[in-house]
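Protein chains in written order, with our numbering: chain A, 4 to 109; chain B, 4 to 109; chain C, 4 to 109. Glycine included, C-beta positions come from ideal geometry on N, C-alpha and C.
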């Protein structure tokens, strides 16, 4: 049986915001673990090309927690239109999948 | 309805090449945003194990733009056999999905 | 035809472990290439919030090699419960997909 694990991505503007969101997601049991890394973002805003350093969060959670995770993250996130998208894992090591599922129980 | 968002990855050999491709993708409306980060790549080439620093681009676009994105990237990319693969997002915050779709309109 | 390429993620506690696993995966033809990057991990362990630097491996392989890759990685990985999950690519540049498939032939 494919484990119902979900990977989600969001980005914020500082290391402090990234750590605050990551810790909140784990404390709220909305994620089993969150990985933070700095990236360089290129995008268009107000008609002009922008380039900024951002901090990206890779969130490991379950399909069952997506709705609650989205609600919590949109309420907490400092951006007006936060980047937030997700995709399912098709395979996972069984012991790791069990650990993620256990950590994400409300 | 699941948003038809697509994540794509490619890598190049320098920060300059990464920024040039990222800016081109956004300017051509082939991507809403591109995130750049340095990585260490391990692979086999000419029968020997190689290890190099590379710059990875994570590209956020739509399924509808994949074909044009692939054509443009293969024409622009400095490698003979560029790494390029993609996978769909199953879920996204609605306002963010709308923004990506709007940015990727030709 | 969608290429049967697979992306997989795992994490380890040091750059040395990351390079050892990455080189082993390519040498064993369990992966065509592996990308290493340092991240900051946030998770709960023994009931308390943890935050550590880790090295993440993004592994590019094929669906056909998943089972052998999982067996090898769980035997080699220094953690008791290694993070290991994967998802399929839906699209890829044809020449790159051919290269990955060729590299992953046992």
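Original post:
DSSP state of residue 21 of chain C, grouped into three classes?
Top reply: Translated into positions along the third chain, residue 21 of chain C becomes position 18. DSSP places residue 21 of chain C in helix when its eight states are reduced to three.
**OP:** Using a Cβ-Cβ cut-off of less than 7 angstroms, give me the residues of the region 40 to 62 of chain C that come near chain A, in sequence order.
**Re:** 40, 42, 43, 44, 45, 46, 47, 52 and 59
**OP:** Check each candidate in A:16, A:11, A:74 and A:54 and name the one with the smallest Cα separation from residue 36 of chain A.
**Re:** In the first chain, counting from the first residue as 1, residue 36 of chain A sits at position 33. Comparing Cα positions, the closest option is A:11.
Subject >> Among A:18, A:24, A:32 and A:52, nearest to residue 25 of chain B - alpha-carbon criterion >> reply: By 1-based counting over the second chain, the position of residue 25 of chain B is 22. Selected option, being the one with the closest Cα: A:52.
Original post:
In chain order, which beta strand (DSSP E) runs of at least 3 residues are fully inside the region 12 to 58 of chain C?
Top reply: 36 to 48
Original post:
Using CA coordinates, which residue listed in B:46, B:45, B:28 and B:44 is at the minimum distance from residue 38 of chain B?
Top reply: In the second chain, counting from the first residue as 1, residue 38 of chain B sits at position 35. Closest option to residue 38 of chain B, Cα to Cα, is B:28.
**OP:** In angstroms with no decimal places, state the Cα-to-Cα distance between residue 78 of chain B and residue 72 of chain B.
**Re:** Walking along the second chain from the start, residue 78 of chain B turns up at place 75. Walking along the second chain from the start, residue 72 of chain B turns up at place 69. About 10 angstroms.
Subject >> Buried or exposed by the 16-neighbour rule on C-beta atoms within 10 Å, applied to residue 84 of chain A >> reply: Along the first chain, read from residue 1 onward, the residue named residue 84 of chain A stands at position 81. Exposed, because fewer than 16 other Cβ atoms sit within 10 Å of the Cβ of residue 84 of chain A.
**OP:** For residue 100 of chain A, name the three-state secondary structure that DSSP assigns.
**Re:** Locating residue 100 of chain A in the first chain gives position 97, counting from the first residue. In this structure, residue 100 of chain A counts as helix in the three-state DSSP scheme.
**OP:** With DSSP collapsed to three states, give me the class of residue 10 of chain B.
**Re:** Reading the second chain from its first residue, position 7 is the one you call residue 10 of chain B. In the structure shown, residue 10 of chain B sits in a strand (DSSP, three-state: E or B).
Original post:
Roughly how many angstroms lie between the CA atoms of residue 5 of chain B and residue 103 of chain A, to the nearest whole one?
Top reply: In the second chain, counting from the first residue as 1, residue 5 of chain B sits at position 2. In the first chain, counting from the first residue as 1, residue 103 of chain A sits at position 100. For residue 5 of chain B, the predicted model reports a pLDDT of 46, less than 50, meaning its position is unreliable; a value from the coordinates is still stated below. If I take the Cα positions, the gap works out to 24 angstroms.
Original post:
Taking 8 angstroms as the line, does the beta carbon of residue 38 of chain C fall inside it for any heavy atom of the ligand ADP?
Top reply: Although the ligand ADP was asked about, the structure shown includes no ligands whatsoever.
Original post:
For a contact meaning CB atoms closer than 9 angstroms, what does residue 91 of chain B contact in chain A?
Top reply: Reading the second chain from its first residue, position 88 is the one you call residue 91 of chain B. Those are 90, listed as they occur along chain A.
Original post:
Along the chain, which unbroken stretches of the beta strand (DSSP E) at least 3 residues long are found entirely within the region 59 to 97 of chain A?
Top reply: 87 to 91
Original post:
To the nearest angstrom, how far is it from the Cα of residue 75 of chain B to the Cα of residue 88 of chain A?
Top reply: Along the second chain, read from residue 1 onward, the residue named residue 75 of chain B stands at position 72. Along the first chain, read from residue 1 onward, the residue named residue 88 of chain A stands at position 85. Going by the C-alpha atoms only, they are around 25 angstroms apart.
Subject >> Neighbour list for residue 102 of chain B in chain A, Cβ cutoff strictly below 7 angstroms >> reply: Walking along the second chain from the start, residue 102 of chain B turns up at place 99. Under the 7 angstroms cutoff, chain A gives 84.
**OP:** Show which residues of chain A have a CB atom less than 7 angstroms away from the CB atom of residue 87 of chain C.
**Re:** Within the third chain, residue 87 of chain C is the residue found at index 84, counting from 1. By Cβ distance, chain A contributes 95, 96 and 99.
**OP:** Report the residue from B:90, B:99, B:66 and B:105 whose alpha carbon sits nearest the alpha carbon of residue 7 of chain C.
**Re:** Within the third chain, numbered from 1, the residue matching residue 7 of chain C stands at position 4. Here the closest residue by C-alpha is B:90.
Original post:
At least one CB of chain A closer than 9 angstroms to the CB of residue 26 of chain B: is that the case?
Top reply: Taking the first residue of the second chain as 1, we reach residue 26 of chain B at position 23. For residue 26 of chain B, the answer is yes, since a Cβ of chain A falls inside 9 angstroms of its Cβ.
**OP:** Tell me, please, whether the CB atom of residue 4 of chain C is closer than 9 angstroms to any CB atom in chain B?
**Re:** Numbered from its first residue, the third chain carries residue 4 of chain C at position 1. Bear in mind that the predicted position of residue 4 of chain C carries a pLDDT of just 48, short of 50, making it unreliable; the figure below should be weighed with that in mind. Judged by the 9 angstroms Cβ criterion, residue 4 of chain C is not in contact with chain B.
**OP:** Starting from the C-beta of residue 67 of chain C, find all residues in its chain whose C-beta is less than 8 angstroms away, skip the five residues before and the five after it, and write them out in chain order.
**Re:** Residue mapping note: residue 67 of chain C aligns to position 64 of the third chain, counting from 1. Around residue 67 of chain C: 7 and 107.
Subject >> Cβ of residue 37 of chain C within 9 angstroms of any chain B Cβ >> reply: By 1-based counting over the third chain, the position of residue 37 of chain C is 34. Yes - at least one Cβ of chain B is within 9 angstroms of the one on residue 37 of chain C.
Original post:
At least one CB of chain A closer than 9 angstroms to the CB of residue 15 of chain B: is that the case?
Top reply: The count along the second chain starts at 1 and reaches residue 15 of chain B at position 12. Residue 15 of chain B does not count as touching chain A.
Original post:
Taking 9 angstroms as the CB-CB cut-off, is residue 106 of chain A touching chain C?
Top reply: Counting from one through the first chain, the residue named residue 106 of chain A turns up at place 103. Residue 106 of chain A counts as touching chain C.
**OP:** Give me the Cβ distance between residue 31 of chain A and residue 44 of chain A, rounded to the nearest whole Å; I'm assuming they're in contact under 8 angstroms.
**Re:** As a working mapping, residue 31 of chain A is identified with position 28 in the first chain. As a working mapping, residue 44 of chain A is identified with position 41 in the first chain. Going by Cβ atoms, the distance from residue 31 of chain A to residue 44 of chain A rounds to 26 angstroms, so no, they are not a contact pair.
**OP:** Scan the region 66 to 78 of chain B for residues whose Cβ lies nearer than 7 angstroms to a Cβ of chain C and list them as they occur along the chain.
**Re:** 69, 73 and 77
Original post:
According to DSSP, is residue 5 of chain C helix, strand or coil?
Top reply: On the third chain, residue 5 of chain C is found 2 positions in, with the first residue counted as 1. Because residue 5 of chain C sits at a pLDDT of 46, beneath the cut-off of 50, its placement in the model cannot be relied upon, and the following sentence gives the value as read from the coordinates. Three-state result, residue 5 of chain C: coil.
Subject >> Assumed close pair residue 57 of chain B, residue 42 of chain B - CB separation to whole angstroms, cut-off 8 angstroms >> reply: Position 54 of the second chain holds residue 57 of chain B. Position 39 of the second chain holds residue 42 of chain B. Contact flag correct, Cβ pair sits at about 6 angstroms.
Original post:
Buried or exposed: which applies to residue 98 of chain C, given that a residue is buried once 16 or more other Cβ atoms fall within 10 Å of its Cβ?
Top reply: Indexing the third chain from 1 puts residue 98 of chain C at position 95. It is exposed - the Cβ of residue 98 of chain C has fewer than 16 other Cβ atoms within 10 Å.
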